[in-house]
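Heads up: the structure comes next, in structure tokens.
Numbering (full-length UniProt numbering), first residue to last: 1 to 252.
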């Protein structure tokens, strides 16, 4: 999981909020009226900006969903709009932009209507996401500095239980990408340092060409990883972290 900035909410959402929210509140909080059937968050005008914010990656596990053809032949998104605060428990937020998380079917199903005081970690909260770290096994854990924070510990456990963030194929896939990316980043730092050294300028032209070729190929490898459809936030986070330590090669 990584921080996602929701950006500016779609204008149409204001209209939907004022028109339809009260029916949800009446049904779930006041026991009046039938269950509302409106689901305007599934419309392209709402869904597409959300997909863009999340780069079509699940806000919980990071997998990419893509699109599939509908019966009419139109390509429609495979992912789902998850209400972080569930409709049945917090209906006042049914048309609230920051309550929407682009989610894969598995995470959305696992989370369901979960609502406790110790809610799962929220991808739209930078502080929540900064409490997590990706370790070498491809799983997310709370940073050691929060080991005695009981509330965060409970929320982290809830996140693990109510999403597939650390289950299935995802840890192994993340580990493979992380290992490959860090290896390539290490290589480009090494080759970049060589090219900028005085020794390089004095080296034989064949050696210079060899090092430059290695540098460009490694750079190309990193760009290929950047173009991966899955785990985009994780990939960018790893690159940003390396760039902070090695300001001389901000090339991506």
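Note that the Cβ used here is the ideal one computed from N, Cα and C, for glycine as well.
Length of the line joining the Cα atoms of residue i and residue j
i           : j           : result
residue 237 : residue 33  : 47 angstroms
residue 198 : residue 192 : 12 angstroms
residue 168 : residue 61  : 10 angstroms
residue 220 : residue 3   : 27 angstroms
residue 20  : residue 38  : 8 angstroms
residue 7   : residue 210 : 45 angstroms
residue 11  : residue 212 : 50 angstroms
residue 14  : residue 68  : 29 angstroms
residue 125 : residue 94  : 19 angstroms
residue 30  : residue 152 : 32 angstroms
residue 160 : residue 206 : 53 angstroms
residue 133 : residue 59  : 15 angstroms
residue 252 : residue 5   : Because the pLDDT at residue 252 is just 48, under 50, the model does not fix this residue reliably, and the point stays unresolved.
residue 96  : residue 136 : 36 angstroms
Exposure of residue i, with buried meaning 16 or more beta-carbon neighbours within 10 Å
i           : result
residue 242 : buried
residue 147 : exposed
residue 65  : buried
residue 176 : exposed
residue 226 : exposed
residue 78  : exposed
Residue i in three-state terms, based on DSSP
i           : result
residue 29  : helix
residue 15  : helix
residue 235 : helix
residue 204 : coil
residue 277 : Here the chain has residues from 1 to 252 only, and residue 277 is not among them.
residue 213 : helix
residue 257 : With the chain represented from 1 up to 252, any question about residue 257 goes unanswered, as that position is not in the structure.
residue 187 : helix
Nearest-angstrom Cβ-Cβ length linking residue i and residue j, presumed shorter than 8 angstroms
i           : j           : result
residue 108 : residue 82  : 5 angstroms
residue 88  : residue 28  : 5 angstroms
residue 86  : residue 115 : 5 angstroms
residue 41  : residue 122 : With a Cβ gap of about 17 angstroms, residue 41 and residue 122 do not count as contacting.
Requested in this report: Return the chain-ordered ranges of every alpha helix (DSSP H) run that is complete within the stretch 115-172 and spans a minimum of 4 residues.
Outcome: 126-130 and 150-162
**Report entry** Contained alpha helix (DSSP H) runs [length at least 4] in the UniProt domain "HNH" (58-113), N- to C-terminal order
**Finding:** 105-111
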